[in-house]
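*Asks:* Offset between the sequence shown (1-based) and the working numbering: plus 242. Virtual Cβ for every residue (Gly too), placed ideally from N, Cα, C. Here the structure is a predicted model, which is why all the values come from computation and not from measurement.
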Amino acid sequence: MRGRRRPAAPGRAGTRRPLRAPRRNRPERGLVVADAPLLDVDDLHVDFRVRRGLFGAASYTVHAVAGVTFRIERGETLGIVGESGSGKSTLGRALLRLVDATRGSIRLEGQEVREFKGRMLDFRRDLQVIFQDPQASLNPSMVVADIVGEPLTIHFGLRGRERDARVAQVLERVGLATYHLERYPSEFSGGQRQRIAVARALALEPRLIVCDEPVSALDVSTQSQAINLLEELQESFGIAYLFIAHDLAVVRHISHRVGVMYLGRIVELGPVERVHDRPAHPYTQMLLAAAPVTDVATQRQRKAIRRQLPATELPSPIDPPSGCPFHTRCTHAMDVCRREMPEASPIDGGGWVACHLQSAGPRLAGAPLDTMGDYAAL
243 MRGRRRPAAP GRAGTRRPLR APRRNRPERG LVVADAPLLD VDDLHVDFRV RRGLFGAASY
303 TVHAVAGVTF RIERGETLGI VGESGSGKST LGRALLRLVD ATRGSIRLEG QEVREFKGRM
363 LDFRRDLQVI FQDPQASLNP SMVVADIVGE PLTIHFGLRG RERDARVAQV LERVGLATYH
423 LERYPSEFSG GQRQRIAVAR ALALEPRLIV CDEPVSALDV STQSQAINLL EELQESFGIA
483 YLFIAHDLAV VRHISHRVGV MYLGRIVELG PVERVHDRPA HPYTQMLLAA APVTDVATQR
543 QRKAIRRQLP ATELPSPIDP PSGCPFHTRC THAMDVCRRE MPEASPIDGG GWVACHLQSA
603 GPRLAGAPLD TMGDYAAL
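(1) Just mark Y525 as buried or exposed, buried being the case when its beta carbon has 16 or more other beta carbons within 10 Å.
(2) By the three-class DSSP mapping on this structure, what secondary structure does C453 have?
(3) Pick out whichever of E447, A410, A445 and V462 has its Cα sitting closest to the Cα of G433.
(4) Could you say which of R571, D590 and G565 lies nearest to H598 if we only look at CA atoms?
(5) Taking C-beta to C-beta, are A482 and R449 nearer than 8 Å?
(6) Cutting at 6 Å between CB atoms, please list the residues of its own chain near C572, excluding the five before and the five after it.
(7) To the nearest angstrom, report how far apart F568 and S383 are at their CA atoms.
(8) Excluding the five sequence neighbours on either side, which residues of its own chain have a C-beta within less than 6 Å of the C-beta of P513, listed in chain order?
(9) Quick one: is the Cβ of F373 within less than 7 Å of any heavy atom of the ligand PLP?
(10) Would you mind reading off the limits of the beta strand (DSSP E) that contains H518?
(11) Compute the Euclidean distance between the alpha carbons of H422 and V386, then round it to the nearest angstrom.
(12) Since V288 and A378 should fall inside the 8 Å C-beta cutoff, what is the C-beta to C-beta distance between them, to a whole number of angstroms?
(13) For V457, I'd like the list of residues in its chain whose CB is within less than 7 Å of its CB, leaving aside the five on either flank, ordered along the chain.
(14) Pairing CB atoms from the segment 471-486 with CB atoms from the segment 315-322, are three or more of them under 8 Å?
(15) For A441, I'd like the list of residues in its chain whose CB is within less than 6 Å of its CB, leaving aside the five on either flank, ordered along the chain.
(16) Roughly how many whole angstroms lie between the Cα atoms of D388 and L363?
(17) According to DSSP, simplified to helix, strand and coil, what is S301?
(18) Just curious, the alpha helix (DSSP H) that P559 is in, first and last residue?
(19) Buried or exposed, going by whether 16 or more other CB atoms sit within 10 Å of the CB of G324?
(20) What residues in its chain sit with their C-beta under 7 Å from that of D282, if we drop five residues either side in the sequence?
(21) Does DSSP classify L337 as helix, strand or coil?
(22) Hey, could you find the ends of the beta strand (DSSP E) M503 is sitting in?
(23) My output table needs one value for V409: the three-state DSSP class, helix, strand or coil.
(24) Mark V209 as exposed unless 16 or more other C-beta atoms lie within 10 angstroms of its C-beta, in which case mark it buried.
(25) For D519, count neighbouring Cβ atoms within 10 angstroms of its own Cβ and tell me buried if that reaches 16, exposed if not.
(26) Measure the Cβ-Cβ separation of A278 and E351 and say whether it is below 8 Å.
(27) Leaving out five residues before and five after R361 in sequence, what residues of the same chain have Cβ atoms less than 6 Å from its Cβ?
(28) Let me check understanding here. Comparing Cα to Cα, which of A306, L340, L286 and P376 lies closest to L426?
(29) Can you have a look at R266 and say buried or exposed, based on whether 16 or more other CB atoms are within 10 angstroms of its CB?
(30) Check G608 in the structure and name its three-state DSSP category.
(31) What are the residues that DSSP puts in a beta bridge with L286?
(32) DSSP puts R294 in a beta bridge; with which residues?
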C-alpha cells in the first residue's frame, strides 16, 4: 500500500463542486493573501494549568503542544502520527479554536485566526472536524436530516425544502440514501454513523477538515471504505485534511506528507513514502517496528528490533526531559541529546528531522539507522 501523490494544483479545472449553497446565503470570506498556504502553523504551544490539592493550592502545567510548525496546502492531506499522549488531538483542537493556544501563530490563507474574532462563523465554515467516535459525536435525539441540516441553517439560512434537498444531495455523496433522513444515529452501523459525520462536515464546503482518528473505532473493512470515501471527496472538492492517527499504515494510505509527534513536538516531517521507507528519527523507527505486519520474515526482523528498544514509558508532559525529549527512550542517545534540543534539519528525500544524530556521524541524512535495518523492505 503506497502513499498518495501530492496534488500539483488543488482546485484545478474540472474539479466538481456541485454542493455549493446559493450565493445570496454565503457570507463573504475575509481577505485571502495571494500565494499563502491554506494553513500555516508557526511555533504553536498549548499549555494547560491544572490545580490540585486542598482548594487548588498546588498547580502544575501540562505542555500538551510544544512548538509545532507546519503548513498544509490546498487539496493536500497532512498526516499526524504518534502514540497516545503525544499531543495529536490537542493540536487538532487548537487549530479548530476548541482550545486556546498559549502562544504561536495559526494562519488560514494568510489571516491570523485570532483576527476572526467576531467572524467565527466564517472560520467554522472553513474548518470542520470529524471526531473519533461517531456515536458520541452525533446527537442521539436528532434525526439525520437535522444533524446534517442544522449547520446549513446556521451558516447559510437554508430551511424547509431547500435545506432538505441539500441534505439529500450531501448524503448521496457519502453513500447514504434519502430514506435515511428520518432515522436516528442509533439505527445505523458504526461505518454509516461515520458517513453521517462526514456528511455534516462536507455540507459546509470547508477548505480543511481535521480528521481526529476518524477510523480507529471502525473494523478493518469499514476503515478502508471510510478512507476511500475521504479520498474521493478530496478529489471531487479539493478539500485538505489534517489526518490524525496512531496507525502509520492508515496515515500512509491517505496522506501526501506525514508529521511524527512525540511529547508535544513534531520530530520528523516529510513525504509519506520517504518517512515510511527511510525513517530518519529513532522514534519514527520505533513506531514502524511496533506496527503489525503479515509477512513472517518482516515480523522476525521487527521483533529483533523491538528487543533492542528500552522498556520505558512516554515521559510526562508535566515534566518533560531536558534536551531532546526522546533521549530517555533512545538507544543512540549522546550527551548532547541530554543537554540541547535538536534543531530541524533538512534531509535527503524531502522534509526534515529534529535529531542530533543527523550531524553526529557519516550516515546519509534520511537513511535508516544501522541497528534498525532496511525499512525500505518493510
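*Replies:* Per the coordinate set shown:
(1) buried
(2) strand
(3) V462
(4) G565
(5) yes
(6) P524
(7) 45 Å
(8) R499 and G592
(9) Of ligands this structure carries none, so the ligand PLP is not represented either.
(10) That residue, H518, is in no beta strand (DSSP E); its alpha helix (DSSP H) goes V514 to D519.
(11) 7 Å
(12) Going by Cβ atoms, the distance from V288 to A378 rounds to 22 Å, so no, they are not a contact pair.
(13) Q465, A468, I469 and V492
(14) yes
(15) V390, V412, L413 and V416
(16) 19 Å
(17) strand
(18) It is not in any alpha helix (DSSP H) - P559 carries neither H nor E in the DSSP assignment.
(19) buried
(20) R313 and R349
(21) helix
(22) R499 to Y504
(23) helix
(24) Because the chain here runs from 243 to 620, residue 209 falls outside it and cannot be looked at.
(25) buried
(26) yes
(27) none
(28) Sequence check: residue 426 is Tyr here, not Leu. Among A306, L340, L286 and P376, the Cα nearest to that of Y426 belongs to P376.
(29) Confidence in R266 is poor, its pLDDT being 34 and thus under 50, which makes the residue's placement unreliable; the coordinate value appears in the next sentence. Classification for R266: exposed.
(30) Only weak support is given to the placement of G608: the predicted model assigns it a pLDDT of 43, under 50, and the value that follows is read from those uncertain coordinates. Residue state, collapsed to three classes: coil.
(31) V310
(32) A300
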